[in-house]
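> Before we start, here is the structure in question, set down as structure tokens.
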Amino acid sequence: MDSTEVVVIGCGDAGLSAAFTASRRGRRVTVISEERVYYPRCPLPYYIGGFVERGELVKPLKDVFRGSGVEIVFDKALRIESGIVICEKRRIEFEKAIIATGARAKCIEGSISLRSIEDAEQIKRNAKRESPVIIGGGPLGCELAEILGGRLVEAEERILPTFDPEFSRVIEERLQERAEVVTGKRERAKGGFVISAAGVKPRVEVAEESGIKTSDYGIVVDKYLKTSMENVYAAGDCIEERCMLTKKPIHSYLGPQAEREGMIAGVNCSGGKMKYRGALNASIARICGMEIGMSGLSEEAARGEGMDVSFGRVRVRTKPEYMKGGTVMLKMVFDKERLIGCQAVGDEGVKEIINIASYAMMDGATVDDLITMPYCFSPPVCSAPNPIVICAENAKRRMNHG
Ligand SMILES: Cc1cc2nc3c(=O)[nH]c(=O)nc-3n(C[C@H](O)[C@H](O)[C@H](O)COP(=O)(O)OP(=O)(O)OC[C@H]3O[C@@H](n4cnc5c(N)ncnc54)[C@H](O)[C@@H]3O)c2cc1C
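Its first residue numbered 188, the sequence shown is counted upward by one per residue in this note's numbering.
Below, the structure is given as structure tokens:
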């Protein structure tokens with residue numbers, strides 16, 4: 188039987204980050220991976236579109252870990268039993284374990300989903316022959332519709348349904364120039380080239396087989412990412428996320444989140460005690476030349492939670508009038524005076540808005556905190572006042588008059 192100090196099961200964004208973190212903190216780390224290569228999944232649509240080469244994305248895991256001291260074994264973990272990971276071909280004894288088994292795409296029968304590089308290859312091949320029907324109008328479905336054309340079908344009344352309607356509308360109008368967009372319709376795959384972009388399901392088999400507590404949202408963890416089994420942690424798409432604002436379990440499958448959770452689990456498995464504060468679903472995409480992003484709750488979601496909702500919404504220049512720039516529309520949602528959500532769509536600058544708003548939400552910022560926020564300025568770079576400050580002032584006026 189092999190033995191190690193920290194064993195990491197799965198080597199996507201979460202597993203990789205967990206392994207490097209624990210190793211840098213001086214632990215003897217073994218990674219168990221059923222895949223022999225590493226690649227980030229976020230750029231797969233751009234690989235399909237020919238914007239990135241396969242060799243730029245896909246790296247043999249042996250090369251990724253070369254010189255790091257991390258040992259990699261290619262095997263499938265089946266379950267954990269009394270401090271031992273039981274795999275198909277071997278058993279590995281450990282002091283601490285991190286489950287980072289990710290998620291798999293929900294795939295409507297008769298369709299192809301996009302989770303792996305092999306899926307991407309197949310979609311690329313099919314796209315040479317015909318245009319697809321894409322089921323699911325979330326960010327991935329929209330990215331694919333822009334790249335491949337065809338027909339995009341969304342069951343909800345609008346694409347990007349986690350955004351408020353005025354934001355979804357901007358992208359829908361642009362996307363219609365590239366693909367046929369059908370909303371309010373449930374599509375079944377009836378043969379032909381159909382791509383499912385209808386969400387993912389956490390991979391919880393290893394946890395379940397080990398008697399570790401799971402829910403419909405994934406592996407249940409505490410604020411240190413510890414599972415219900417002693418010395419076993421979990422990170423990434425396989426865990427049950429909790430909304431930082433409502434404290435309720437949510438579905439949330441995002442790359443940076445997986446990477447940060449991997450880091451936290453790596454720290455906590457190597458003598459540290461770092462808290463995970465929860466998810467805000469901070470996300471961004473670039474679709475048909477427009478950046479769109481959000482963090483926290485939309486107005487619609489906040490009202491659904493029964494919160495005391497007010498908001499600010501403005502369209503502002505991203506640079507001063509005398510410089511060349513674009514515009515951005517942003518909306519900030521408040522529960523009483525506390526920021527609980529931010530959405531932005533525009534030509535540029537969306538990532539700064541979303542990242543600042545995310546930090547502000549984590550810090551419990553109020554409308555007055557945002558109005559008095561310090562910010563930088565230089566004409567070729569950005570506008571003044573900062574879009575967040577202008578939007579907060581707009582919200583304050585609505586609060587006072589509403
Ligand atoms: C097409 C696509 C586009 C995306 N775009 C974005 C984006 O733009 N922005 C964003 O924030 N997020 C995006 N995401 C989401 C992001 O990629 C994921 O949240 C992230 O990859 C999750 O990482 P993970 O390590 O938790 O899981 P995964 O990447 O799924 O890795 C889990 C690994 O564990 C392995 N494994 C599972 N079970 C076992 C076992 N029993 N034994 C051994 N190995 C096992 C799997 O084979 C896999 O290699 C996208 C995802 C996809 C699919």
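Using N, Cα and C, we set each Cβ at its ideal position, and we do this for glycine too.
Give the DSSP-derived three-state secondary structure of lysine 518 in the structure shown.
Lysine 518: strand per DSSP, three-state reduction.
> Check whether the Cβ of lysine 246 lies closer than 7 Å to any heavy atom of ligand 1, and answer yes or no.
The answer is no for lysine 246.
> DSSP state of aspartate 200, grouped into three classes?
Note: aspartate 200 maps to helix in three-state DSSP.
> Do lysine 506 and cysteine 578 count as a contact pair if the criterion is CB distance below 8 Å?
For cysteine 578 and lysine 506, no; Cβs fall outside 8 Å.
> Compute the minimum distance between the beta carbon of lysine 263 and the heavy atoms of ligand 1, and state whether it is under 7 Å.
Yes, Cβ of lysine 263 sits closer than 7 Å to a heavy atom of ligand 1.
> State yes or no: is the C-beta of glycine 197 nearer than 7 Å to some heavy atom of ligand 1?
Because some heavy atom of ligand 1 lies under 7 Å away, the Cβ of glycine 197 counts as near it: yes.
> Quick one: what does DSSP say tyrosine 590 is sitting in, helix, strand or coil?
Residue 590 falls outside the range modelled here, since the chain spans only 188 to 589, and no answer is possible.
> What residues are listed by DSSP as bridge partners for aspartate 189?
BP columns for aspartate 189 point to Ile279.
> Roughly how many angstroms separate the alpha carbons of glutamate 417 and valine 216, rounded to a whole number?
Cα-Cα distance, rounded: 18 Å.
> Whose C-alpha, out of Leu517, Glu258 and Val407, is nearest the C-alpha of valine 179?
Nothing about residue 179 can be reported from this structure: the residues present for the chain run from 188 to 589 only.
> Thinking alanine 201 and alanine 531 are a contact (beta carbons under 8 Å), I'd like their distance in whole angstroms, please.
Not a contact, Cβ separation roughly 27 Å.
> Tell me glutamine 530's beta-bridge partners as DSSP assigns them.
The partner list for glutamine 530 (beta bridge, DSSP) reads Met481 and Lys518.
> For the segment 320–330 against the segment 353–370, do three or more pairs of beta-carbon atoms, one drawn from each stretch, fall closer than 8 Å, so that the two count as touching?
Flag = yes, the segment 320–330 and the segment 353–370 touch.
> Pick helix, strand or coil for arginine 447, following the three-state DSSP scheme.
Three-state DSSP puts arginine 447 in a helix.
> Please confirm whether any heavy atom of ligand 1 lies closer than 7 Å to the CB of alanine 445.
Indeed, a heavy atom of ligand 1 lies less than 7 Å from the Cβ.
> For glycine 513, which residues from the same chain have a beta carbon less than 7 Å from its beta carbon, with the 5 sequence-adjacent residues on both sides left out?
Contacts found: Thr505, Gly533, Asp534 and Glu535.
> Do the CB positions of proline 232 and glutamate 330 come within less than 8 Å of each other?
Yes; because the gap between Cβ atoms is below 8 Å, this pair is in contact.
> In three-state DSSP terms, what is alanine 469?
Three-state result, alanine 469: coil.
> With three or more beta-carbon pairs closer than 8 Å as the criterion, would you say the segment 289–309 touches the segment 203–214?
Not touching, per the Cβ criterion.
> Could you tell me the alpha carbon to alpha carbon distance between glycine 270 and isoleucine 406, rounded to whole angstroms?
Whole-angstrom Cα-Cα distance: 18 Å.
> For a quick check, are the C-beta atoms of cysteine 229 and glutamate 333 less than 8 Å apart?
It is not a contact, given that the beta carbons lie outside the stated cut-off.
> Leucine 557 and leucine 526 - do their beta-carbons sit closer together than 8 Å?
The answer is yes: Cβ separation under 8 Å.
> Can you tell me which residues form a DSSP beta bridge with serine 383?
Bridge partners of serine 383: Ser300 and Ile322.
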